[in-house]
Structures are given as C-alpha cells and as structure tokens.
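Residue numbers (this note's numbering), protein chains in the order written: chain X, 612 to 837; chain B, 612 to 837.
2 protein chains.
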Amino acid sequence: MPTFHYPRSMRNAFHEELDDIGLSLIAMAHLVKKAMDDATAAILGPDLELAEKVIAADDAIDNMQHDLDARTIDLMARQSPVASDLRTLVTSLRMSADLERMGDMAHHIAKQARIRYPNRSIPTGLVKTIQEMGRVTHEIIEKLASVMETQDLDRAIEIAADDDEMDKLHRELIAVILADKWDEGSETAFDMTLLGRYYERCCDHAVSISRRVYFLVTGEYRKEEF
Amino acid sequence: MPTFHYPRSMRNAFHEELDDIGLSLIAMAHLVKKAMDDATAAILGPDLELAEKVIAADDAIDNMQHDLDARTIDLMARQSPVASDLRTLVTSLRMSADLERMGDMAHHIAKQARIRYPNRSIPTGLVKTIQEMGRVTHEIIEKLASVMETQDLDRAIEIAADDDEMDKLHRELIAVILADKWDEGSETAFDMTLLGRYYERCCDHAVSISRRVYFLVTGEYRKEEF
C-alpha cells in the first residue's frame with residue numbers, strides 16, 4: 612500500500628497516478644538508504660571504489676527528483692486537485708526535496724572518504740560512534756520507507772524518538788572533538804565536525820518527511836510532540 | 612515591480628494575489644538579510660544581546676514561511692492554475708523554503724555567538740575572513756531581493772559569480788583550519804568549520820533562488836552555466 616493510497620472505490624486514473632508518485636518516493640527513500648549505507652562503509656573502510664560509486668549514484672537520485680517533480684506538477688496542471696489531493700501533491704514535492712538533500716549527505720560523506728584516501732578520516736576513538744551513526748541512519752531510513760508505504764502513524768512518531776539517538780551520538784562526537792585531550796589535529800576536527808553534521812542533517816530530513824506523512828494522514832502537524 | 616508581475620491588461624484578482632505573494636517573498640528576503648547582518652555583527656562582537664535578537668527573530672521568518680505557503684496553496688486550490696501561473700506558485704513554495712533555510716543559518720551563527728559568549732569564537736587570524744563572508748552574504752541577499760523584484764536576468768546570473776567569491780573565502784577559511792601551524796585548538800576548529808559552512812550554505816540557497824527567478828522568467832533552468 613503506497614503512501615498515497617486511496618480506497619478501491621475511489622480509485623481512478625488520477626489516484627493511480629498519485630499512487631505511482633507515492634511508489635516513486637518510496638523507491639527514492641530506498642536509493643537514499645543504500646547511498647547512506649555505502650557512504651558509511653566507504654568512509655569506515657576507507658573504500659575508494661565504493662566512495663566513487665556513491666558519488667556517481669547521486670546523479671540518479673537527483674534525476675529521480677526532477678522526474679518525480681515534473682510528474683507531480685504535470686498532474687497538478689491536468690487535474691486541478693483541491694483539498695487532500697492538492698495537499699498530497701504539494702507534500703510530494705517537499706518529500707522529494709528532503710530525500711534529494713539526504714542523498715546529498717551521502718555524497719558529501721563519500722567525498723570526504725575520497726579526499727582523504729588512502730588515509731581514513733575517522734580517528735580510532737571515533738570509529739564506533741560513526742558506525743553507530745551509520746546504523747541509526749540506516750534504521751531511520753528503513754522505518755521511514757515503511758511508514759511512507761503503510762502510513763503507520765505510531766511508527767511515524769517513533770522516527771522522532773529514533774532521531775534522539777542520533778542527536779545523542781552527535782553530542783558524543785562533539786564532546787570528543789571539543790575535549791582538552793583531543794590530539795588528532797585540526798584536519799581531523801574539521802572532518803569529524805562535518806561528518807557529524809552530515810549524519811545529523813540526513814536524519815533531520817527523515818524526521819521532516821515522517822512529519823509530512825503524519826500531516827498527509829491527519830491533516831495537521833504534530834509540531835510540539837515530534 | 613514584484614516578482615510575479617503581470618502586464619496591467621492581464622491583471623485580475625488572481626494576479627493581484629500572485630503579486631502579493633511575490634511581495635511577501637521579497638519582504639522575507641529582506642528579513643533574512645537583516646538576520647544575517649545581525650548574526651555577523653553578533654559573532655564578530657561578540658554581542659550577546661544581538662545574538663538573542665537574531666535567535667528570537669527566526670520565529671518570525673518561520674511564521675512568514677508558513678503564512679506564505681498557506682496563501683500559496685490556498686490560491687492553488689481556489690484558482691486551479693495551469694502553465695506559468697502554476698509554475699509560479701510551485702516556485703514560490705520552493706523559494707520560501709530556501710529563504711527559511713537561509714534564516715536558519717543566521718540562527719545557527721547567533722547560537723554559536725551565544726554559546727561562546729563572553730568569548731569570541733573567531734580567532735584573530737580569521738576575523739577579516741568572516742567579515743568578508745558577512746559582507747559578501749549581505750551583497751548577495753541584497754542583489755537577490757532586487758532580482759526578485761525586477762526579474763533582471765543579468766543580475767540573477769551575476770549572483771552565481773558573487774557566490775564564487777563566497778566559495779573562495781570558504782576555501783581560504785578551510786586552508787587556515789587545516790594548516791599545520793593551526794594552534795587554536797579543536798574547539799575553534801569545530802566552530803570555524805561550522806561557521807564557514809553556515810555562510811556558504813546561506814549563499815548556496817540564494818543562488819538557488821536566483822536560478823528559480825531565471826526559470827520563472829524563461830521557463831528553463833540555466834543549469835550548466837550558473
């Protein structure tokens with residue numbers, strides 16, 4: 612059941628096109644998950660070949676967004692949707708923008724892996740933290756793709772709690788960088804500052820999409836709570 | 612002449628509402644420019660009072676985006692626009708998202724000023740670079756607001772060239788952080804890494820809006836050239 616599913620009785624060509632857009636968004640989420648997984652493996656390796664693959668794959672994500680947005684706007688023009696259909700299409704544009712930015716984060720991580728290769732930018736003391744950040748990111752995007760498919764609001768709300776785990780890891784990372792005993796030099800401080808931000812921003816966008824799913828289903832934002 | 616100006620002969624209630632949305636976007640750009648100016652002054656001071664002011668003012672920018680987007684979607688629902696009118700409204704949603712993110716960058720800079728206060732996060736050797744980044748940002752947003760008003764495509768294209776200046780300053784900043792002789796410690800490396808990124812991202816969003824103006828006027832993106 613894709614994001615923009617309607618009861619069979621209401622189904623028509625328009626809603627089938629809406630469904631297709633929902634399916635494409637879910638496919639995009641899976642592409643982004645793969646890109647983030649590969650980026651994490653590339654920077655932890657370090658693995659230059661994998662880094663190059665992530666960098667090249669970002670074009671596919673960008674193209675997917677352009678294609679999706681063109682279809683969405685075309686559908687708006689042809690069908691003049693109102694109420695919840697219009698809301699769905701506008702939300703689709705916003706979700707694709709969030710997913711495209713998440714893909715950019717994978718691209719940035721892979722570029723850091725490439726620029727420091729054959730060295731590894733991550734110091735030994737932070738390997739576990741970055742592994743954890745990669746793991747949490749994977750789980751968040753996996754849950755997000757499932758929420759986009761099932762519109763399960765309980766799980767949508769869970770994503771904000773999962774992101775608290777990312778924020779905690781990010782704070783730990785920052786504490787290590789800022790500690791007096793830091794002796795990894797400023798290049799590593801620079802790399803780890805950005806790397807932490809890439810993971811944190813990626814998951815922020817996932818939370819943002821989970822809020823949009825909530826909005827699509829209920830017609831309102833749960834802004835305070837999650 | 613606001614962004615979404617139409618010849619008088621075509622004017623009607625719909626186009627007046629479009630014009631109003633264009634005017635609100637321009638007003639939002641001016642708010643963002645002021646926020647970035649104040650954030651730069653706050654972090655260079657350091658000036659705690661000014662930092663608090665920028666942090667509080669970010670809510671006003673966020674609210675302006677919500678209000679603008681609500682009006683834009685309402686207009687879509689009531690008027691079922693097609694072709695260039697639909698394109699204008701969709702582009703308006705994207706511009707307001709860019710402007711909101713630019714406001715976030717001012718907010719981040721002000722928060723860095725506040726957290727390090729009464730110390731100044733910027734080391735003496737980077738004061739001039741940050742002053743320059745603040746100046747370039749001001750000029751880019753000022754030009755952007757004017758481009759949104761006049762739809763002057765030559766000036767829209769200039770904004771990408773102005774952003775090259777920001778990229779150059781950003782590279783200079785990174786070179787200082789990464790230099791062997793860096794002796795400011797990892798906290799300052801952390802702060803300067805993020806600060807550089809905030810200015811760079813803010814101007815990236817301005818370039819993105821200038822491309823959207825180009826798209827609105829011509830119906831196509833000049834993706835390669837700028």
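Where a beta carbon is used, it is the ideal one built from N, C-alpha and C, also for glycine.
**Under 9 Å by beta carbon: chain B residues contacting X/V693** = Sequence index remark: in the first sequence, residue 693 of chain X carries index 82 (1-based). Correct list: M687, A688, R689, S691.
**Asked** Looking at B/A671 and B/L642, is the spacing between their C-beta atoms short of 9 Å?
**Response** Position 31 of the second sequence, counted from the start, is the residue given in the question as residue 642 of chain B. Position 60 of the second sequence, counted from the start, is the residue given in the question as residue 671 of chain B. Yes, they are a contact pair.
**Three-state secondary structure assigned by DSSP to X/N730** = Here residue 730 of chain X corresponds to residue number 119 of the first sequence, with the count starting at 1. DSSP places X/N730 in coil when its eight states are reduced to three.
**Message:** Please report the straight-line C-alpha distance between X/M777 and X/L806, rounded to a whole angstrom.
**Reply:** Within the first sequence, numbered from 1, the residue matching residue 777 of chain X stands at position 166. Within the first sequence, numbered from 1, the residue matching residue 806 of chain X stands at position 195. Straight-line Cα distance between these residues: approximately 13 Å.
**Prompt:** Does the distance from the C-beta atom of B/A721 to that of B/D649 stay below 9 Å?
**Reply:** Within the second sequence, the letter at position 110 stands for residue 721 of chain B. Within the second sequence, the letter at position 38 stands for residue 649 of chain B. Cβ distance < 9 Å, so B/A721 and B/D649 count as in contact.
**Prompt:** So, using beta-carbon positions, are X/L704 and X/A640 closer together than 9 Å?
**Reply:** Translated into the one-based positions of the first sequence, residue 704 of chain X becomes position 93. Translated into the one-based positions of the first sequence, residue 640 of chain X becomes position 29. No, the pair does not count as a contact, with Cβ atoms beyond the cut-off.
**Prompt:** Taking all protein chains shown into account, do 16 or more other C-beta atoms lie within 10 angstroms of the C-beta of X/E836, making it buried, or fewer, making it exposed?
**Reply:** Counting from one through the first sequence, the residue named residue 836 of chain X turns up at place 225. Confidence at X/E836 is low in this model, with a pLDDT of 47, below 50, so the placement of that residue should be treated as unreliable; the coordinate-derived value is given next. That one is exposed.
**Prompt:** How about X/I788: is its C-beta nearer than 9 Å to some C-beta of chain B?
**Reply:** Here the question's residue 788 of chain X lines up with position 177 in the first sequence. Closer than 9 Å to some Cβ of chain B, the Cβ of X/I788 qualifies, so yes.
**Message:** Pairs of beta-carbons, one from the stretch 814 to 823 of chain X and one from the stretch 744 to 752 of chain X, closer than 8 Å: are there three or more?
**Reply:** Output reads yes: the stretch 744 to 752 of chain X touches the stretch 814 to 823 of chain X.
**Request:** Under 7 Å between beta-carbons, which chain X residues line up against B/L784? List them in chain order, please.
**Result:** For this step, residue 784 of chain B is matched to residue 173 along the second sequence. Here the premise fails: no neighbours, minimum Cβ distance about 10 Å.
**Asked** Since B/V701 meets chain X, which of its residues come closer than 8 Å, beta carbon to beta carbon?
**Response** Against the second sequence, residue 701 of chain B aligns to sequence position 90. Ordered by position in chain X, the residues that pass the 8 Å Cβ test against B/V701 are I684, M687, L704.
**Item:** Helix, strand or coil at X/R833 according to DSSP, with G and I counted as helix
**Value:** Taking the first residue of the first sequence as position 1, residue 833 of chain X is located at position 222. Looking at X/R833 - three-state DSSP - the assignment turns out to be coil, as it is neither helix nor strand.
**Request:** Starting from B/L697, find everything on chain X with Cβ-Cβ shorter than 9 Å and list it in chain order.
**Result:** Against the second sequence, residue 697 of chain B aligns to sequence position 86. What B/L697 touches in chain X: I684, M687, A688.
**Which listed residue (B/D630, B/R727, B/S695, B/I632) has its alpha carbon closest to that of B/D658** = Here residue 658 of chain B corresponds to residue number 47 of the second sequence, with the count starting at 1. Taking only the C-alpha atoms, the option nearest B/D658 is B/R727.
**Prompt:** Using the beta-carbon count (16 or more within 10 Å), is B/H677 buried or exposed?
**Reply:** Residue 677 of chain B sits at position 66 when you count from the first residue of the second sequence. The residue is exposed, with fewer than 16 neighbouring Cβ atoms inside 10 Å.
**Asked** Where does X/D841 fall in DSSP's three states?
**Response** Residue 841 of chain X lies beyond the stretch modelled for chain X, which goes from 612 to 837, so this question has no answer here.
**Request:** Give a yes or no on whether the minimum CB-CB distance between X/G714 and chain B is below 9 Å.
**Result:** For this step, residue 714 of chain X is matched to residue 103 along the first sequence. Output row for X/G714: interface = no.
**Item:** Contact set for B/R871: own chain, Cβ-Cβ below 6 Å, skip 5 residues either direction
**Value:** Beyond the ends of chain B as shown, which are 612 and 837, falls residue 871 of chain B; an answer cannot be given.
**Prompt:** Which residues, in order along the stretch 799 to 825 of chain X, keep a beta-carbon less than 8 Å from a beta-carbon of chain B?
**Reply:** The residues in question are A800, F801, T804, L805, R808.
**Prompt:** Just to confirm, are X/G707 and X/L636 a CB contact at a threshold of 9 Å?
**Reply:** For the purposes of this step, residue 707 of chain X is identified with residue 96 of the first sequence, where counting begins at 1. For the purposes of this step, residue 636 of chain X is identified with residue 25 of the first sequence, where counting begins at 1. For the record, residue 707 of chain X in the displayed sequence is Ser; it is not Gly. Result yes, Cβ atoms of X/S707 and X/L636 sit closer than 9 Å.
**Request:** Determine the burial state of X/P692: buried for a count of at least 16 other Cβ atoms within 10 Å of its Cβ, exposed for fewer.
**Result:** Indexing the first sequence from 1 puts residue 692 of chain X at position 81. Its Cβ being crowded by 16 or more others within 10 Å, X/P692 is buried.
**Prompt:** Which residues of chain X have a Cβ atom closer than 9 Å to the Cβ of B/S757, listed in chain order?
**Reply:** Reading the second sequence from its first residue, position 146 is the one you call residue 757 of chain B. What B/S757 touches in chain X: nothing, since even the nearest Cβ is about 26 Å away.
**Request:** If I'm right that B/G745 touches B/T651 with Cβ under 8 Å, what's the distance once you round it to whole angstroms?
**Result:** For the purposes of this step, residue 745 of chain B is identified with residue 134 of the second sequence, where counting begins at 1. For the purposes of this step, residue 651 of chain B is identified with residue 40 of the second sequence, where counting begins at 1. About 3 Å separates the two Cβ atoms, so the contact holds.
**Request:** Whole angstroms is fine: what's the gap from B/E660's alpha carbon to X/T799's?
**Result:** Numbered from its first residue, the second sequence carries residue 660 of chain B at position 49. Numbered from its first residue, the first sequence carries residue 799 of chain X at position 188. Roughly 33 Å separates the two Cα atoms.
**Asked** How should X/D715 be labelled, buried or exposed, when 16 other C-beta atoms within 10 angstroms of its C-beta is the threshold for buried?
**Response** Walking along the first sequence from the start, residue 715 of chain X turns up at place 104. Around the beta carbon of X/D715, a 10 Å sphere encloses 16 or more other beta carbons of the protein chains shown; the residue is thus reported as buried.
**Item:** Cα-Cα separation, X/F801 to X/R808
**Value:** Translated into the one-based positions of the first sequence, residue 801 of chain X becomes position 190. Translated into the one-based positions of the first sequence, residue 808 of chain X becomes position 197. In a straight line, the C-alpha of X/F801 is about 11 Å away from that of X/R808.
**Status (buried if at least 16 other CB within 10 Å, exposed otherwise) for B/V747** = On the second sequence, position 136 is the one that residue 747 of chain B refers to. Buried, because 16 or more other Cβ atoms sit within 10 Å of the Cβ of B/V747.
**Asked** Are the C-beta atoms of B/G830 and some chain X residue less than 9 Å apart?
**Response** By one-based count along the second sequence, residue 830 of chain B stands at place 219. It does not; no Cβ of chain X falls within 9 Å.
**Opening and closing residue of the alpha helix (DSSP H) in which B/V693 lies** = Taking the first residue of the second sequence as position 1, residue 693 of chain B is located at position 82. Counting along the chain, B/V693 falls outside any alpha helix (DSSP H), and DSSP gives it neither H nor E.
**Prompt:** So with Cβ pairs under 9 Å, would you call X/A797 a contact of chain B?
**Reply:** Stepping through the first sequence from its first residue, residue 797 of chain X is reached at position 186. This sequence places Ser at residue 797 of chain X; Ala is not what is there. Yes - at least one Cβ of chain B is within 9 Å of the one on X/S797.
**Prompt:** Would you say the beta carbon of B/R682 comes nearer than 8 Å to a heavy atom of the ligand ATP?
**Reply:** Absence of the ligand ATP is noted for the structure shown, with no ligands found whatsoever.
**Request:** Report the three-state DSSP secondary structure of B/G909 (helix, strand or coil).
**Result:** In the structure as shown, chain B begins at 612 and stops at 837. Residue 909 of chain B is therefore absent and cannot be evaluated.
**Item:** Three-state secondary structure assigned by DSSP to X/Q676
**Value:** Numbered from 1 along the first sequence, position 65 holds the residue referred to as residue 676 of chain X. It is helical.
**Request:** Answer with yes or no whether the minimum CB distance from X/A771 to chain B is below 9 Å.
**Result:** Looking up residue 771 of chain X in the first sequence gives position 160. Output row for X/A771: interface = no.
**Per-residue burial, X/K644 [other beta carbons within 10 Å of its own, 16 or more giving buried]** = Indexing the first sequence from 1 puts residue 644 of chain X at position 33. Under this definition X/K644 is a buried residue.
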